[in-house]
Amino acid sequence: MGMTITEKILAAHAGRTVVEPGEFIVAKVDVVMGNDGSTAGALAVWKQIGAERVFDPERVAIVFDHFVPNKDIQAANLLTPVRHWVRQQAIRHFFDEGRTGIAHTILPEQGLVGPGDLMVGGDSHSCTNGAVGAFATGVGSTDLASILALGEVWLKVPVSQRFVYHGTPGPFVMGKDLILATIGRIGIDGALYQAMEFAGPTMSGLSMSDRLTMCNMAIEAGAKSGIIAPDGITLDYVRGRAKRPWRVYASDPDARYAALHEFDVGDLRPQVAKPFSPDNVVPVDEVAGTPLDQVFLGSCTNGKLEDLRIAAGLLRGKKVHPDTRMIVIPASQWIYTQALKEGLLEIFAEAGAAVSTPTCGACFGGHMGVLGAGEVCLSTTNRNFVGRMGDPTAKVYLANPAVAAASAVRGVITVPEAEGPA
Amino acid sequence: MRDPAQLAPHVMEGIDPEFTKHARPGDLIVAGKNFGCGSSRETAPAAIRAFGIDCVIAVSFARIFLRNAVNIGLPILECPAAARAIRNGDEVEVDVAAGRIVDRTTGATFEATAFPPFMRELMAAGGLVPYTRRRLGLV
Chain A
3 MGMTITEKIL
13 AAHAGRTVVE
23 PGEFIVAKVD
33 VVMGNDGSTA
43 GALAVWKQIG
53 AERVFDPERV
63 AIVFDHFVPN
73 KDIQAANLLT
83 PVRHWVRQQA
93 IRHFFDEGRT
103 GIAHTILPEQ
113 GLVGPGDLMV
123 GGDSHSCTNG
133 AVGAFATGVG
143 STDLASILAL
153 GEVWLKVPVS
163 QRFVYHGTPG
173 PFVMGKDLIL
183 ATIGRIGIDG
193 ALYQAMEFAG
203 PTMSGLSMSD
213 RLTMCNMAIE
223 AGAKSGIIAP
233 DGITLDYVRG
243 RAKRPWRVYA
253 SDPDARYAAL
263 HEFDVGDLRP
273 QVAKPFSPDN
283 VVPVDEVAGT
293 PLDQVFLGSC
303 TNGKLEDLRI
313 AAGLLRGKKV
323 HPDTRMIVIP
333 ASQWIYTQAL
343 KEGLLEIFAE
353 AGAAVSTPTC
363 GACFGGHMGV
373 LGAGEVCLST
383 TNRNFVGRMG
393 DPTAKVYLAN
403 PAVAAASAVR
413 GVITVPEAEG
423 PA
Chain B
163 MRDPAQLAPH
173 VMEGIDPEFT
183 KHARPGDLIV
193 AGKNFGCGSS
203 RETAPAAIRA
213 FGIDCVIAVS
223 FARIFLRNAV
233 NIGLPILECP
243 AAARAIRNGD
253 EVEVDVAAGR
263 IVDRTTGATF
273 EATAFPPFMR
283 ELMAAGGLVP
293 YTRRRLGLV
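Rendered as structure tokens:
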């Protein structure tokens with residue numbers, strides 16, 4: 003009987019030739035990520051353990067993203083001991099403000115995660131890293147502390163579901179729309195504890211940016227991980243970045259899946275997830291005209307260079323609607339710098355958008371664009387639960403960057419075609 | 163995380179407000195499907211352990227509860243047959259390492275789904291922190 007790509011990667015890291023869904027394994031970790039918040043939490047457990055050194059400083063990445071630049075006094079005091087610990091441990095892959103980004107953007111961008119890796123991160127959106135053909139999942143602070151010390155994690159092998167996409171997406175239809183349509187079909191518990199494997203002819207033409215967006219939101223269907231088997235596009239992206247050797251795995255033709263889903267994306271419209279759930283999905287046309295107080299372009303879901311280019315293309319020479327605020331946050335310092343050189347930040351600034359250095363702040367209602375009572379926001383992020391971006395009565399619509407840009411100009415949810423050709 | 167000892171008086175109160183009046187340290191919880199569903203916090207199994215519950219036997223466990231229970235050292239066993247057969251007040255003997263459950267009141271014996279050796283070692287150590295300490299040679 004064949005194995006899925008996920009089972010093969012897990013077997014290889016557990017020193018086995020075969021693993022079965024449902025069994026418990028101990029697996030070697032290639033790279034472990036902690037962000038500012040989760041590393042601070044793990045350090046409390048680290049002290050209880052009494053550990054002295056991380057298992058391998060080269061395989062640890064600490065990325066400050068939630069509370070940078072230091073959000074307030076409490077955040078500043080939370081992060082100071084983490085900064086000291088990172089230096090004491092001689093961790094080179096440390097990303098602090100001015101040189102950071104959102105962890106799930108930084109790891110693939112800096113080549114810290116590669117095909118065939120087993121990656122574990124102290125954040126639920128760690129599944130993003132599956133886009134390079136790695137097994138990647140999120141853990142809590144107790145696990146994170148133990149993994150930092152041992153370089154191992156215990157896991158229950160997840161069963162996989164296979165999602166096969168056919169057809170060529172139309173103008174302004176992006177990876178975000180494919181994953182929203184998928185979550186809309188299977189629901190927020192549609193892949194609980196399972197691995198989501200994205201495949202099919204459409205994927206072969208999909209950019210790494212779109213693939214990262216799709217794997218990013220696997221957790222929004224309850225999945226443990228999302229993964230896309232590496233192809234030429236993956237390897238073009240990985241070459242020149244990867245800090246370690248990589249290995250390409252693929253699912254066997256006779257691998258077993260809990261379910262198989264087919265999608266025809268040829269006539270898929272840009273999708274919007276309405277409040278208050280990422281599976282409350284409709285075509286953008288159904289909610290067009292909804293007035294907006296704020297538009298947010300950014301996050302580990304859609305703050306990548308390609309996302310900014312598409313939005314800037316629609317905003318060039320235009321102004322954000324006077325009744326609407328727009329916030330743009332590039333997802334990494336590298337993206338910020340590239341967007342600056344390409345003139346994208348100038349387009350956003352001249353349009354009247356606030357442009358910030360990289361941070362997760364706005365996405366989780368932390369800082370840099372918190373919503374007030376009753377406010378309505380269209381956001382390129384991944385979650386729109388009650389209170390996610392601020393006041394519990396605020397409403398968040400999730401959409402792709404093209405919808406965000408067109409909607410910022412009109413001040414209402416807008417189909418992207420209304421603001422120009424793709 | 164709040165001190166589990168402070169949470170112990172509230173253990174299971176959402177399902178049975180009288181739970182702490184009837185239960186005693188050393189008791190077992192026998193439960194149905196998806197036990198622990200709805201909590202992603204380590205405080206849920208930590209409160210059960212702090213109250214003095216020795217083991218939870220269930221038809222199945224919610225995945226985050228299972229992970230947290232193992233990590234904080236609350237012994238758990240998945241055994242649908244035992245979970246369905248054992249009655250409130252039965253005297254039950256459990257060998258967590260062997261996965262053996264004996265209902266002394268009825269004489270029935272059950273075999274739980276076996277955990278692999280490292281999982282048993284982890285649970286026997288009292289959770290992930292003491293297990294990691296042991297692996298690092300600190301104890």
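Heads up: the sequence lines are chains A and B, in that order. Counting in my numbering, the first sequence runs from 3 upward without gaps. Counting in my numbering, the second sequence runs from 163 upward without gaps. We put the beta carbon where it would ideally sit given N, CA and C, even for glycine.
Pair within 8 Å by beta-carbon distance, residue i and residue j
i         : j         : result
Cys379(A) : Val297(A) : yes
Leu317(A) : Leu182(A) : no
Ile415(A) : Val322(A) : no
Pro280(A) : Ile337(A) : no
Gly198(B) : Phe223(B) : yes
Val411(A) : Pro272(A) : no
Val134(A) : Val240(A) : yes
Ala406(A) : Thr383(A) : no
Pro427(A) : Ala408(A) : Absent from the model: residue 427(A). The displayed extent of chain A is 3 to 424, so no value can be given.
Met328(A) : Ala364(A) : no
Ser253(A) : Thr6(A)   : yes
Ala2(A)   : Ile51(A)  : Residue 2(A) falls outside the range modelled here, since chain A spans only 3 to 424, and no answer is possible.
Ala260(A) : Gln335(A) : no
Gly300(A) : Ala333(A) : yes
Gly124(A) : Ala44(A)  : yes
Leu114(A) : Ala63(A)  : yes
Phe265(A) : Asn386(A) : no
Gln112(A) : Arg243(A) : yes
Ser211(A) : Lys306(A) : yes
Ile248(B) : Pro207(B) : no
Ala245(B) : Ile219(B) : yes
Glu9(A)   : Val141(A) : no
Gly4(A)   : Asp256(A) : yes
Supposed close pair residue i, residue j - CB separation, criterion 8 Å
i         : j         : result
Ala151(A) : Ala53(A)  : 4 Å
Phe96(A)  : Leu12(A)  : Phe96(A) to Leu12(A), Cβ: 28 Å. No contact.
Ala274(B) : Cys241(B) : 4 Å
Met198(A) : Ala231(A) : Between Ala231(A) and Met198(A) the Cβ distance is about 13 Å, and since that is not below 8 Å, they are no contact.
Ala77(A)  : Phe69(A)  : 4 Å
Ser209(A) : Ile235(A) : 7 Å
Leu373(A) : Ala396(A) : 4 Å
Arg89(A)  : Gly153(A) : Arg89(A) to Gly153(A), Cβ: 20 Å. No contact.
Coil, strand or helix - residue i by DSSP
i         : result
Leu146(A) : helix
Ser211(A) : helix
Tyr251(A) : coil
Tyr399(A) : strand
Gln112(A) : coil
His323(A) : coil
Met163(B) : The pLDDT assigned to Met163(B) is 48, lower than 50, so where the model puts this residue is not dependable; a value taken from the coordinates is nonetheless given after this. If DSSP states are grouped into helix, strand and coil, Met163(B) belongs with coil.
Gly224(A) : coil
Pro285(A) : strand
Tyr195(A) : coil
Phe265(A) : strand
Val88(A)  : helix
Thr383(A) : coil
His369(A) : coil
Leu190(B) : strand
Lys158(A) : strand
Pro293(A) : strand
Ala244(A) : coil
Thr130(A) : helix
Thr139(A) : strand
Ile7(A)   : helix
Cys217(A) : helix
Gly226(B) : The question names Gly, but residue 226(B) is Ile in the sequence shown. Ile226(B): helix per DSSP, three-state reduction.
Exposed unless 16 or more other CB atoms sit within 10 angstroms - verdict on residue i
i         : result
Ser206(A) : exposed
Ala260(B) : exposed
His168(A) : exposed
Glu175(B) : exposed
Pro110(A) : buried
Ala276(B) : exposed
Thr102(A) : buried
Glu195(B) : First, the residue type needs correcting, since residue 195(B) is Lys and not Glu in the sequence shown. Exposed, by the Cβ-count rule.
Asp179(A) : buried
Ala223(A) : buried
Which runs of the alpha helix (DSSP H), 4 residues or longer, sit entirely within the segment 238 to 290 of chain B? 242 to 247, 279 to 287, all fully within the segment 238 to 290 of chain B.
Would you list, in sequence order, the uninterrupted beta strand (DSSP E) runs of no fewer than 3 residues that lie entirely inside the segment 13 to 72 of chain A? DSSP runs (the beta strand (DSSP E)) wholly in the segment 13 to 72 of chain A: 26 to 30, 33 to 37, 62 to 65.
Beta strand (DSSP E) runs contained entirely in the segment 296 to 347 of chain A, provided each spans 3 or more residues: 296 to 300, 327 to 331, all fully within the segment 296 to 347 of chain A.
In chain order, which continuous runs of the beta strand (DSSP E) of length 3 or greater are located wholly inside the segment 167 to 192 of chain A? Taking 3 residues as the minimum length, the segment 167 to 192 of chain A contains no beta strand (DSSP E) run wholly inside it.
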